[in-house]
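Okay, structure first, notes after.
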Amino acid sequence: MIGYRAGTSPLHRAHPYTPLALASALLLAVFALGSPGAVGCAVLAAALLALTGNVLGYSARPALTLGLATWVLLLVLHGLLGPEPFAALGPVSVSEPGLRRALVLGGRLTAILLAFLTVLAVVSPARLVEAMTARGVPFARMYLLVSSLTLVPRMRARAALILEAQQCRGLRLGGSPLARVLALGPLVLPLVLGALAEVDEQVLALDARGAGLPGPRTALEPPADSALQRGLRWLGLALAAAAFAFRFAGHPL
Amino acid sequence: MTAPLVRLEGATFCFSGADEPALDSVTVAFARGEVVLLAGAPGAGTTTLLLVAGGFAPRLVGGTLGGAVCSDARRPAIVFATPWTQLTGLCHTVLAEVAFAPAGAGLPREEVRDAAERSLERMGALHLAARDPATLSGGELQRVIVAAALAMDPDILLLDDPAAELDPAGADDLYALLPRLAAAGAAVLVATPDRERAARAASRALALEAGRVVADGPPAAVLSDTPVARIARAAGCPAPLPLDVDALVARVAR
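Protein chains in written order, with the working numbering: chain C, 1197 to 1449; chain Y, 178 to 431.
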């Protein structure tokens, strides 16, 4: 399950920019890190972020599921087909630099997935809207970001409704793999066409309700911020910048 | 009649890719203080007339507009029959959803909150203020969407089958509100197949066929095909025919 999960953890209560900034800092930092150990620390930092948000299980499962295929591909490509020297790993001989490369790339992917799935789980879209409104972010940018963040849960809910309706009309979901693939048609077509049709009315409704008006919007309940949180956000970004500085100075961590 | 708020002169509107115009040479004016019922079979052009009168077509829906549309309306609000397509998708409480338009105008926070609460109260939906819009029933959502339109303090309110999701009592309440909104200075246009209820609220009716206005006048003169009117005609009632059950009962009682 990807999406917001209500809670009372420190990350849930924090200003929405704080988990976003920490995850963004992590994303930047992992690209500056070059050793499996350092990337492993980044994965641990992402796991710590998820733990602080009390959503570790919630974020780790989809992160591992989404990253599994890439991990397998990386290990085969770099570990088995990488450059010399090779080392025996049980009955298999693997390329040492290839294995290091696979661990770095796979670790980066895992850290990024874990951090951003955590952000999705702990940042309430409503509070993010209020925070962005209070900072004077233009509506179009806000709409683009928040509708992207809420896309998966909204499409899932819509798909569930369509699936129920189609099952009521005789759609069978079981059977052979081919039958399952064929059953996707009655789900996907109404899902996509229905979403497109509703966009027209939503554009009208948003425009009629002044979504395109210039000037600042009023935030009804802007989330509280603090000097500590602001400091934490800047510290995260400073650490990411420092990681890049080390890398460009020829001493990647 | 006061000066028109919106005036269409020979307006012809054609949706992109359509062979026939959805509005054909329509000349009509709408003034503040009026509740105008737009009556017509599906495809007659009532929704299109709402879109053109509100300035939404062709600006947002595409298509081509011929003739002239002169409008002094500054705050048009529109409500469709499908309330779930009119949620902003950004608000997770009903209060925030209704406050969306006043908040967009940059009003002070207390004014925004007051406007939203007042509108919810008018629609009998204040008790829903803290709810997530995604958890509401169709009828509750329809009240919220109408409240969101009212929170804009519209000078022209365009309603397209606004009671489609409402229960009979909710529909009665909504239509009873329309003359009060008009009396407060708005022009209210309502397109609906529920002619009996709408006729009670309307001060004027337009009948459309194939995109053309074929009749324009008091509801009792324009609408003669409601089920109650047909019964009254069959019973030999003289014109103007009663359009709804209450009017028929009153006529019989006389």
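Ideal placement from N, C-alpha and C gives every residue a C-beta, glycine not left out.
| field | Bridge partner(s) assigned by DSSP for G394/Y | value | In the DSSP assignment, G394/Y forms a beta bridge with A382/Y.
| message | Let me make sure I understand the geometry here. Which of A1336/C, A1225/C, A1241/C has the alpha-carbon closest to that of G1411/C? | response | For the residues A1336/C, A1225/C, A1241/C, the minimum Cα distance to G1411/C belongs to A1336/C.
| Residues of chain C with a CB under 7 angstroms from the CB of F190/Y: which are they? | Those do not exist, as F190/Y stays about 15 angstroms from chain C at its closest Cβ, beyond 7 angstroms.
| query | What are the boundary residues of the beta strand (DSSP E) that S444/Y is part of? | reply | One cannot answer for residue 444/Y here, as it falls past the ends of chain Y, which runs 178 to 431.
| field | Residue-chain proximity (V1399/C, chain Y), Cβ-Cβ < 7 angstroms | value | Taking 7 angstroms as the CB threshold, V1399/C lines the interface with chain Y.
| Which same chain residues, not among the five before or five after A364/Y, have their C-beta less than 8 angstroms away from its C-beta? | So the qualifying residues of the chain are L182, V183, F207, A208, R209, G210, E211, V213, A250, D332, I333, L334.
| message | For chain C, check one thing: does any of its Cβ atoms lie closer than 7 angstroms to the Cβ of R251/Y? | response | Chain C, which has no Cβ nearer than 7 angstroms to the Cβ of R251/Y, makes this no.
| Opening and closing residue of the alpha helix (DSSP H) in which S1255/C lies | Unbroken alpha helix (DSSP H) run through S1255/C: 1252-1270.
| query | Where are the beta strand (DSSP E) runs, 3 residues long or more, that stay fully inside the segment 309-358 of chain Y, in chain order? | reply | Runs found: 333-337.
| task | Measure the alpha-carbon distance for R357/Y versus A1219/C and round it to whole angstroms. | result | Spanning the two alpha carbons is a distance of roughly 53 angstroms.
| message | Using a 10 Å radius around the Cβ and a threshold of 16 neighbouring Cβ atoms, would you call T179/Y buried or exposed? | response | Around the beta-carbon of T179/Y, fewer than 16 other beta-carbon atoms lie within 10 Å, marking it exposed.
| Can you tell me the Cα-Cα spacing of T204/Y and P1258/C, whole angstroms? | Straight across, the Cα-Cα distance linking T204/Y with P1258/C is about 60 angstroms.
| message | Nearest by alpha-carbon distance to S380/Y: which of A397/Y, V391/Y, V390/Y is it? | response | In terms of Cα proximity to S380/Y, the closest of A397/Y, V391/Y, V390/Y is A397/Y.
| task | To the nearest angstrom, report how far apart G187/Y and A221/Y are at their CA atoms. | result | Cα to Cα, G187/Y sits roughly 16 angstroms from A221/Y.
| field | Cα-Cα separation between V391/Y and A234/Y, rounded to whole angstroms | value | Answer to the nearest angstrom: the Cα atoms are 22 angstroms apart.
| Alpha carbon of P435/Y to alpha carbon of F257/Y, nearest angstrom | For chain Y, the structure presents residues 178 to 431; residue 435/Y sits outside this window and is missing.
| said: Using a Cβ-Cβ distance cut-off of 7 angstroms, determine whether G222/Y contacts chain C. | reply: Not closer than 7 angstroms to any Cβ of chain C, the Cβ of G222/Y fails to qualify, so no.
| First and last residue of the beta strand (DSSP E) that includes C247/Y? | The continuous beta strand (DSSP E) containing C247/Y extends over residues 241-248.
| Can you name the residues of chain Y whose CB is closer than 9 angstroms to the CB of Y1213/C? | Result: empty, since nearest Cβ-Cβ is about 17 angstroms, beyond 9 angstroms.
| request: Anything in chain C within Cβ reach of Q319/Y, meaning under 8 angstroms, just list it in chain order. | output: Within 8 angstroms Cβ-Cβ: nothing; Q319/Y doesn't reach chain C, min ~13 angstroms.
| task | Using a threshold of 7 angstroms, state whether the C-beta atoms of L425/Y and L400/Y are closer than that. | result | No, the Cβ-Cβ distance between L425/Y and L400/Y is not below 7 angstroms.
| said: If distances are taken between C-alpha atoms only, which option among V1395/C, R1209/C, A1221/C, V1342/C comes closest to A1438/C? | reply: Closest by alpha carbon: A1221/C.
| query | Counting Cβ pairs, one atom from each stretch, are 3 or more of them under 8 angstroms apart for the segment 275-284 of chain Y and the segment 1402-1411 of chain C? | reply | Taking a cut-off of 8 angstroms on C-beta distances, the segment 275-284 of chain Y touches the segment 1402-1411 of chain C, as three or more cross pairs fall below it.
| Would you say G1263/C and L1305/C are within 7 angstroms of each other, going by their C-beta atoms? | Yes, they are a contact pair.
| request: Take the Cβ of D330/Y as the centre, count every other Cβ of all protein chains shown within 10 Å, and call the residue buried at 16 or more, exposed below. | output: Buried, since its Cβ has 16 or more Cβ neighbours within 10 Å.
| Chain-ordered chain Y contacts of Y1254/C [CB-CB under 7 angstroms] | Ordered by position in chain Y, no residue passes the 7 angstroms Cβ test against Y1254/C, which lies about 19 angstroms from the chain.
| Residues, ordered as in the chain, of the segment 1402-1429 of chain C that lie near chain Y by beta-carbon distance below 7 angstroms | Cβ contacts with chain Y come from L1402, D1403, A1404, R1405, G1406, A1407, L1409, G1411, P1412, R1413, T1414, L1416.
| request: Count the other CB atoms, across all protein chains shown, that sit within 10 Å of the CB of G1446/C; report buried if there are 16 or more and exposed otherwise. | output: By the neighbour-count rule (16 or more Cβ atoms within 10 Å), G1446/C is not buried but exposed.
| query | Comparing the C-beta of G266/Y with each C-beta of chain C, is any distance below 7 angstroms? | reply | Yes, G266/Y counts as interfacial toward chain C.
| When the cut-off is 7 angstroms and only beta carbons count, does L200/Y lie next to chain C? | Cβ-Cβ to chain C under 7 angstroms: no for L200/Y.
| request: Spell out a yes or no on whether the segment 298-313 of chain Y and the segment 258-278 of chain Y are touching, meaning 3 or more CB-CB pairs, one atom from each, closer than 8 angstroms. | output: The answer is yes - the segment 258-278 of chain Y touches the segment 298-313 of chain Y, with three or more Cβ pairs under 8 angstroms.
| Using a Cβ cut-off of 9 angstroms, which residues of the segment 277-289 of chain Y contact any Cβ in chain C, in chain order? | Here the close residues are F277, A278, P279, A280, G281, A282, G283, L284, P285, R286, E288, V289.
| Would a C-beta distance cut-off of 7 angstroms place A1225/C and A1441/C closer than the cut-off? | Using a Cβ distance threshold of 7 angstroms, A1225/C and A1441/C do not count as a contacting pair.
| query | Under 7 angstroms between C-beta atoms, does A254/Y make it to chain C? | reply | Chain C contact via Cβ: present.
| task | For A273/Y, decide whether its Cβ has a neighbour in chain C, counting only Cβ atoms nearer than 7 angstroms. | result | Nearest CB-CB separation between A273/Y and chain C: below the 7 angstroms threshold.
| task | Count the other C-beta atoms from every protein chain shown that fall within 10 angstroms of the C-beta of P395/Y, then say buried if there are 16 or more, exposed otherwise. | result | It counts as exposed.
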